[in-house]
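For reference, the structure discussed in these notes is given below.
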Amino acid sequence: MKVVLTKGQKWHDDIREKIQALGYEIIDHGLETEPFTDEEYGCDVLVGLDPFKGADIDKFTNLKLFQATSAGFENLPVDRLREKGIVFANARDVYSVPIAEFTVMRILEIYKKAMKFRKQQSEHIWEKDFRLQEITDKRAAILGTGSIGMQIAKRLKAFDAVTIGFNRSGKSAEYFDEIHEIDEFSDMVSGLDIIVVALPLNDGSVHIINRDILEKMHKKSILINVGRGQSVDTKALYNVLKNESIMGAALDVYEEEPLPEDNPLWDLDNLIFSPHTCSGSNYMNKRVYELTYANLKALAESGEFINRIV
Numbered sequence: 002m003k004v005v006l007t008k009g010q011k012w013h014d015d016i017r018e019k020i021q022a023l024g025y026e027i028i029d030h031g032l033e034t035e036p037f038t039d040e041e042y043g044c045d046v047l048v049g050l051d052p053f054k055g056a057d058i059d060k061f062t063n064l065k066l067f068q069a070t071s072a073g074f075e076n077l078p079v080d081r082l083r084e085k086g087i088v089f090a091n092a093r094d095v096y097s098v099p100i101a102e103f104t105v106m107r108i109l110e111i112y113k114k115a116m117k118f119r120k121q122q123s124e125h126i127w128e129k130d131f132r133l134q135e136i137t138d139k140r141a142a143i144l145g146t147g148s149i150g151m152q153i154a155k156r157l158k159a160f161d162a163v164t165i166g167f168n169r170s171g172k173s174a175e176y177f178d179e180i181h182e183i184d185e186f187s188d189m190v191s192g193l194d195i196i197v198v199a200l201p202l203n204d205g206s207v208h209i210i211n212r213d214i215l216e217k218m219h220k221k222s223i224l225i226n227v228g229r230g231q232s233v234d235t236k237a238l239y240n241v242l243k244n245e246s247i248m249g250a251a252l253d254v255y256e257e258e259p260l261p262e263d264n265p266l267w268d269l270d271n272l273i274f275s276p277h278t279c280s281g282s283n284y285m286n287k288r289v290y291e292l293t294y295a296n297l298k299a300l301a302e303s304g305e306f307i308n309r310i311v
């Protein structure tokens, strides 16, 4: 069998040897926007982030498995994969731990005034400020109770926060003190101290953090978005932060990426930026390799697939 590995991931010699030992012939594809060759369209397995940007799914004549190296799949042709009988597995759990760690870091940076003290350091200013916050007893809402949300809740529990999850069904999830249906979120906003957005992109999550929600947040509350940029109305967020109506916010994802240089968000002192990098980790590649190998082995040996979506 043939497996196409796209350049979106670095495939080191050790994992390549393990894949070949399963009986696969490896075909290396370039950037995912580059055209696919006839040989590549004849592959049995395709591994990549979003290869269908540069490939016509209907031209794959033998494709049995598509292994995505991303957790989100809202931009992938899931229905077409299902129609063609192609197994599709995503990379759920690969990025959950680093995103959770990143989220806690941002909460602590806001609560402990890290940006202010870093600025004082750069300007050689010695000025004490004891008006810092603890996570203890804070009511931390996490929108999205999947793998990422659970890992965030797990870590916040270690800081003695009250973890409150919101999902579509109200179904329970590990590490949460409370679970509510997402429809209840708006009515509960005023009583929340921390709001973390960890939702996939769908019709229900676009601008779930809007002007109405932001204006209901209390003055010492904070917002963290590690989900999708479109979940937060950034124009409304700018106004709330500019007026200091909430304590602060941290964004890793944005409605427009890269964020334009003239966007006023850049100049806010109470907003912490990162350029869509919160999933980065020294274990990231290792987890992708292990997941890909396991599912290639499952295909070769008629086993069960990990993270199978269709």
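Heads up, the sequence shown is in the working numbering, so the first residue is 2 and it goes up one at a time.
Glycine residues also receive a C-beta, built at the ideal position from the N, C-alpha and C atoms.
Query raised in the report: So THR235 is in the beta strand (DSSP E); what residue range does that whole segment cover?
Result: Annotation: THR235 is outside any beta strand (DSSP E); the continuous alpha helix (DSSP H) that includes it extends over 235-243.
Query raised in the report: Helix or strand or just coil, what does DSSP make of VAL5?
Result: strand
Query - Contact under 9 Å by Cβ, LEU200 with ILE247 - result: no
**Report entry** Span of the beta strand (DSSP E) around LEU193
**Finding:** Neither: LEU193 is in no beta strand (DSSP E) and is coded neither H nor E.
Query - Continuous alpha helix (DSSP H) assignments of at least 4 residues falling wholly in the stretch 170-226 - result: 186-189, 212-217
Query raised in the report: So GLU26 is in the beta strand (DSSP E); what residue range does that whole segment cover?
Result: The continuous beta strand (DSSP E) containing GLU26 extends over residues 26-29.
Query - Meets three-Cβ-pair contact criterion under 8 Å: the stretch 248-256 and the stretch 227-237 - result: Yes, since at least three Cβ pairs between the stretch 248-256 and the stretch 227-237 fall closer than 8 Å, the two stretches touch.
Query raised in the report: GLY166: which of ALA159, ALA154, LYS158, PHE160 sits nearest, CA to CA?
Result: ALA154
Query raised in the report: Is LEU297 closer than 9 Å to LEU66 when the C-beta atoms are compared?
Result: yes
Query raised in the report: Would you call the stretch 86-104 and the stretch 141-152 touching, i.e. three or more CB-CB distances under 8 Å?
Result: yes
Report task. Can you give me the start and stop residues for the beta strand (DSSP E) that ILE143 sits inside? Result -> 140-144
Report task. Let me know if PRO261 comes out buried or exposed under the rule of 16 or more other beta-carbons within 10 Å of its beta-carbon. Result -> Looking at its Cβ environment, which holds fewer than 16 other Cβ atoms inside 10 Å, PRO261 is exposed.
Query raised in the report: Is the stretch 205-215 close to the stretch 157-164, with three or more CB pairs under 8 Å?
Result: no
Report task. Would you list the residues sitting across from ARG309 in a DSSP beta bridge? Result -> For ARG309, which the question treats as bridged, DSSP gives the partners ALA90.
Query raised in the report: What is the DSSP secondary structure of GLY230, counted as helix, strand or coil?
Result: In this structure, DSSP gives GLY230 a helical state, which the three-state scheme calls helix.
Query raised in the report: So, is GLN68 buried or exposed, given that buried needs 16 or more other C-beta atoms within 10 angstroms?
Result: GLN68 is classed as buried because its beta carbon has at least 16 other beta carbons within 10 Å across all chains shown.
Requested in this report: May I have the straight-line CA-CA distance separating GLU182 from VAL207, to the nearest angstrom?
Outcome: Roughly 17 Å between the two C-alpha positions.
Requested in this report: Spell out whether any CB of chain B is found under 9 Å from the CB atom of MET2.
Outcome: This model lacks chain B altogether; it includes just one protein chain.
Query raised in the report: For THR137, which residues does DSSP report across the bridge?
Result: Its beta-bridge partners do not exist; DSSP assigns none.
**Report entry** Same chain only: Cβ atoms within 7 Å of GLY281, ignoring 5 sequence neighbours per side
**Finding:** Answer for GLY281: PRO99, listed in chain order.
Query raised in the report: Cα separation between PHE306 and ALA295?
Result: 8 Å
Requested in this report: Could you name the residues of the same chain whose beta carbon sits closer than 6 Å to that of ALA251, not counting the 5 residues immediately before and after it, in chain order?
Outcome: ARG107, ILE225, ILE273
Query - DSSP-derived helix/strand/coil call for ASN168 - result: strand
Query raised in the report: What number of angstroms, rounded off, separates the C-alpha of ASP15 from the C-alpha of LYS287?
Result: 11 Å
Requested in this report: Jot down the residue ranges of each uninterrupted beta strand (DSSP E) in the stretch 245-298, minimum 3 residues, whole runs only, in chain order.
Outcome: 249-252, 272-274
**Report entry** C-alpha distance - LYS220 paired with GLU245, whole-angstrom precision
**Finding:** In a straight line, the C-alpha of LYS220 is about 7 Å away from that of GLU245.
Query raised in the report: Mind checking HIS13: buried by the 16 CB within 10 Å criterion, or exposed?
Result: exposed
**Report entry** Start-end ranges of the alpha helix (DSSP H) lying completely within the stretch 14-61, minimum 4 residues
**Finding:** Listed in chain order, they are 14-22, 39-42.
Report task. Helix, strand or coil for VAL79, going by three-state DSSP, please let me know. Result -> DSSP, reduced to helix, strand and coil, places VAL79 within a helical segment of the structure shown.
Query raised in the report: Between VAL197 and ALA142, is the Cβ-Cβ spacing less than 9 Å?
Result: yes
Query raised in the report: Could you check where the beta strand (DSSP E) with LEU66 kicks off and where it finishes?
Result: 66-69
**Report entry** Straight-line gap, VAL289 to LEU6 (C-alpha atoms, nearest Å)
**Finding:** 12 Å
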